[in-house]
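Line by line, the protein sequences are chains A and B.
Be aware that the first sequence starts at 457, since it is given in the working numbering, and climbs by one per residue.
Be aware that the second sequence starts at 768, since it is given in the working numbering, and climbs by one per residue.
Quick reminder that beta carbons are idealized off the backbone N, C-alpha and C, glycines included.
Quick caveat: nothing in here was measured; it's all calculated off a predicted structure.
Take a look at the structure set out below.
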Amino acid sequence: MQSKDPNTRASGALNHPDAAQWMGFLYGEIAPEKKRELTAHLVGCAACANQIQTWRSTMKDLDQWSLPAARPQKREWVPVLKWAAAAAIVLAVGFAFGRSVSPASAELASLKSRVAQLEKTTQQTDQTKTIQAATAAANGEMQRLLTDFARVLEEQRVADQQQVRVAFRARDLRLDNFGTALETVALNTETGFKQTHENITRLVSLSVPANQPTQQ
Amino acid sequence: MENVIKGLFTTSDEQLMWRVKLQNDAQAFASLMTRWQRPIQRLCTRMTGDSHRAEDLTQSAFARVFARREDWEPTGKFSTFLWRIALNLCHDEARRNRRRGECSLEALQEGGDWPEFVETDEPQPDANAENLERADLVREALVKLAPHYREVVVLRHYEQLKFREIGDVLGIPDGTVKSRMAEALTQLNQLLKHLNQDISCNPKIQTPELLAL
Numbered sequence: 457m458q459s460k461d462p463n464t465r466a467s468g469a470l471n472h473p474d475a476a477q478w479m480g481f482l483y484g485e486i487a488p489e490k491k492r493e494l495t496a497h498l499v500g501c502a503a504c505a506n507q508i509q510t511w512r513s514t515m516k517d518l519d520q521w522s523l524p525a526a527r528p529q530k531r532e533w534v535p536v537l538k539w540a541a542a543a544a545i546v547l548a549v550g551f552a553f554g555r556s557v558s559p560a561s562a563e564l565a566s567l568k569s570r571v572a573q574l575e576k577t578t579q580q581t582d583q584t585k586t587i588q589a590a591t592a593a594a595n596g597e598m599q600r601l602l603t604d605f606a607r608v609l610e611e612q613r614v615a616d617q618q619q620v621r622v623a624f625r626a627r628d629l630r631l632d633n634f635g636t637a638l639e640t641v642a643l644n645t646e647t648g649f650k651q652t653h654e655n656i657t658r659l660v661s662l663s664v665p666a667n668q669p670t671q672q
Numbered sequence: 768m769e770n771v772i773k774g775l776f777t778t779s780d781e782q783l784m785w786r787v788k789l790q791n792d793a794q795a796f797a798s799l800m801t802r803w804q805r806p807i808q809r810l811c812t813r814m815t816g817d818s819h820r821a822e823d824l825t826q827s828a829f830a831r832v833f834a835r836r837e838d839w840e841p842t843g844k845f846s847t848f849l850w851r852i853a854l855n856l857c858h859d860e861a862r863r864n865r866r867r868g869e870c871s872l873e874a875l876q877e878g879g880d881w882p883e884f885v886e887t888d889e890p891q892p893d894a895n896a897e898n899l900e901r902a903d904l905v906r907e908a909l910v911k912l913a914p915h916y917r918e919v920v921v922l923r924h925y926e927q928l929k930f931r932e933i934g935d936v937l938g939i940p941d942g943t944v945k946s947r948m949a950e951a952l953t954q955l956n957q958l959l960k961h962l963n964q965d966i967s968c969n970p971k972i973q974t975p976e977l978l979a980l
């Protein structure tokens, strides 16, 4: 630290804070972090510590010249009082005006009845809204039920179709068997007829009358 | 918190100055004077080393503020505007004195009356002669400082403006303000040493040359 040029750093000690920083330190215009840093520097730097001691001593000397302390500022209530008075006047005038133009009791009753009507209308409107909401809810429920019903019906129809198909297949099978059996019967019958016809023919040939000459 | 509450119930300097600027509001200007007369007088006293001149300068400062009310920009702080005007007046006064070959310190020593030392509101710790002597030394040393150092010391140490605010008043970076402050303290230390030695050797001897200049 050199007294001739406070901004010049001491030779061989490049890390000395400059005078401007020390002024901030001495007059309390420094960030806490910087203050800690400078305080730590003072502990290990005799040159800076001496310089600070000198400055502090001079600052203390300066305090020896005291002049009359500043008188406490007289509070200026006049503007406040003026504003308060103005506000009071405005409030008073407003109150008086309000009283003077306030509605009579008849008008007040009329207003009350109108308010009651409005309340009634409002209630009706509320009821209507409630009903509409309930109807909408019921419609929704109905729609949901119909949808369910349609779905169940469709499922039932599909199941029935499957059952009918199965039944038809079984019937076709039985018809086929029946046809086969019928053909067998027809064949047997035809064979029987033929046998019978042959038997009859043989019988007829055997029962020819005796007077009739035979070919023999 | 107190400042916030106070701020709610008091008119700001800027509001008052706005009224002065737009409406030539005498009452608003009187309020500003009530608020700022003592700080400006303290500033002028410490800048000139002469309480009587400081009174005149304070009046001149407010007169100039009113005369230049059109120059005040509502975007800036009123106090910055006022400090700047008062400081310029102090510098003008010092230049006039130098042209006349007069020194504030000499005037002080000839005049000899420093009512501010006996008018402090607080109990008088400096009431004894030794303390008065030390205070006198400080005043002498401060007057010997170069004006651009003295103004920084007065605004920061005595009027407790922040370095940034001082930078605004003087139109310089706050780093420069801090550097000037450091140099001012260093020079003051040397001046006070010299003054102490002179008094201890021979109280009648005048102070040495102006080291700060």
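For a contact meaning CB atoms closer than 9 angstroms, what does His924(B) contact in chain A? Indexing the second sequence from 1 puts residue 924(B) at position 157. Neighbours of His924(B) on chain A, chain order: Tyr483, Met515, Leu518 and Asp519.
Check the C-beta distance from Pro914(B) over to His858(B) and give it rounded, since I have them as a contact under 8 angstroms. Taking the second sequence and counting its residues from 1, the one referred to as residue 914(B) is at position 147. Taking the second sequence and counting its residues from 1, the one referred to as residue 858(B) is at position 91. Right, their Cβ atoms sit about 6 angstroms apart.
Nearest chain B C-beta to Ala487(A) closer than 8 angstroms, yes or no? Within the first sequence, numbered from 1, the residue matching residue 487(A) stands at position 31. By this cut-off, Ala487(A) is not an interface position.
Can you list the residues of chain B that Leu494(A) reaches, using a CB-CB cut of under 7 angstroms? On the first sequence, position 38 is the one that residue 494(A) refers to. Ordered by position in chain B, no residue passes the 7 angstroms Cβ test against Leu494(A), which lies about 13 angstroms from the chain.
Identify whether Trp521(A) lies in helix, strand or coil by the three-state DSSP scheme. Taking the first residue of the first sequence as 1, we reach residue 521(A) at position 65. Note: Trp521(A) maps to coil in three-state DSSP.
Residues of chain A with a CB under 9 angstroms from the CB of Asn898(B): which are they? Translated into the one-based positions of the second sequence, residue 898(B) becomes position 131. Result: Gln520.
Residue nearest to Glu822(B) in terms of C-alpha spacing, selected from Met800(B), Pro940(B), Leu922(B) and Glu950(B): The residue given as residue 822(B) occupies position 55 in the second sequence. Comparing Cα-Cα distances from Glu822(B) to each of Met800(B), Pro940(B), Leu922(B) and Glu950(B), the minimum goes to Met800(B).
Of all the CB atoms in chain A, is at least one closer than 8 angstroms to the CB of Lys1007(B)? The first residue shown for chain B is 768 and the last is 980, placing residue 1007(B) beyond what the model contains.
What residues in the region 796 to 822 of chain B have a beta carbon less than 8 angstroms from any beta carbon of chain A? The residues in question are Ser798, Thr801, Arg802, Arg805, Pro806, Arg809, Thr812 and Arg813.
With a threshold of 6 angstroms on Cβ separation, who are the neighbours of Leu854(B) within its own chain once the five nearest residues in sequence on each side are excluded? Your numbering for residue 854(B) matches position 87 in the second sequence. In chain order, Glu918 place their CB closer than 6 angstroms to the CB of Leu854(B), counting only its own chain and leaving out the 5 sequence neighbours on each side.
C-beta contact flag for Ala951(B) and Val920(B) at 8 angstroms: Here residue 951(B) refers to the residue found at position 184 when the second sequence is read from its first residue. Here residue 920(B) refers to the residue found at position 153 when the second sequence is read from its first residue. Going by C-beta atoms, Ala951(B) is nearer than 8 angstroms to Val920(B).
Would you say Asn791(B) lies against chain A (beta-carbon separation less than 8 angstroms)? One-based indexing of the second sequence puts residue 791(B) at position 24. No - not a single Cβ of chain A is within 8 angstroms of the one on Asn791(B).
Does any CB atom of chain A fall closer than 8 angstroms to the CB of Val832(B)? Taking the second sequence and counting its residues from 1, one reaches residue 832(B) at position 65. Residue contact with chain A for Val832(B): absent (no Cβ-Cβ distance below 8 angstroms to any residue of chain A).
Looking only at C-alpha atoms, which of Tyr483(A), Gln520(A), Leu567(A) and Phe551(A) sits nearest to Glu899(B)? The residue labelled residue 899(B) in the question sits at position 132 within the second sequence. For clarity, residue 899(B) is Leu in the given sequence; the question names Glu instead. Among Tyr483(A), Gln520(A), Leu567(A) and Phe551(A), the Cα nearest to that of Leu899(B) belongs to Gln520(A).
Would Gly500(A) pass as an interface residue toward chain B - the criterion being a Cβ-Cβ separation below 8 angstroms? Position 44 of the first sequence, counted from the first residue, corresponds to residue 500(A). Chain B contact via Cβ: absent.
Please confirm if Leu537(A) has its CB atom under 8 angstroms from at least one CB of chain B. Looking up residue 537(A) in the first sequence gives position 81. Closer than 8 angstroms: no.
Any residues in the region 828 to 859 of chain B with a beta carbon nearer than 9 angstroms to a beta carbon of chain A? Which ones, in chain order? So the list is empty, because no residue satisfies the distance condition.
Return helix, strand or coil for Thr777(B), following the three-state DSSP convention. Translated into positions along the second sequence, residue 777(B) becomes position 10. Of the three classes helix, strand and coil, the one that applies to Thr777(B) here is coil, per DSSP.
Leu959(B) and Thr514(A) look like a contact to me (Cβ under 8 angstroms); what is the Cβ gap, rounded to whole Å? Taking the first residue of the second sequence as position 1, residue 959(B) is located at position 192. Taking the first residue of the first sequence as position 1, residue 514(A) is located at position 58. The C-beta distance from Leu959(B) to Thr514(A) rounds to 7 angstroms, short enough to fall under 8 angstroms.
Cβ closer than 8 angstroms: which chain A residues qualify as neighbours of Gly942(B)? One-based indexing of the second sequence puts residue 942(B) at position 175. Residues of chain A with a Cβ closer than 8 angstroms to the Cβ of Gly942(B) are, in chain order, Ala476.
Counted within 10 angstroms of its Cβ, other Cβ atoms place Ala797(B) as buried (16 or more) or exposed: Reading the second sequence from its first residue, position 30 is the one you call residue 797(B). When all chains shown are included, Ala797(B) counts as exposed.
Is the CB-CB distance between Glu926(B) and Arg809(B) below 8 angstroms? One-based indexing of the second sequence puts residue 926(B) at position 159. One-based indexing of the second sequence puts residue 809(B) at position 42. Taking the C-beta atoms as reference points, Arg809(B) is found nearer than 8 angstroms to Glu926(B).
Does the beta-carbon distance from Val905(B) to Leu518(A) come in below 8 angstroms? The residue given as residue 905(B) occupies position 138 in the second sequence. The residue given as residue 518(A) occupies position 62 in the first sequence. Contact: yes.
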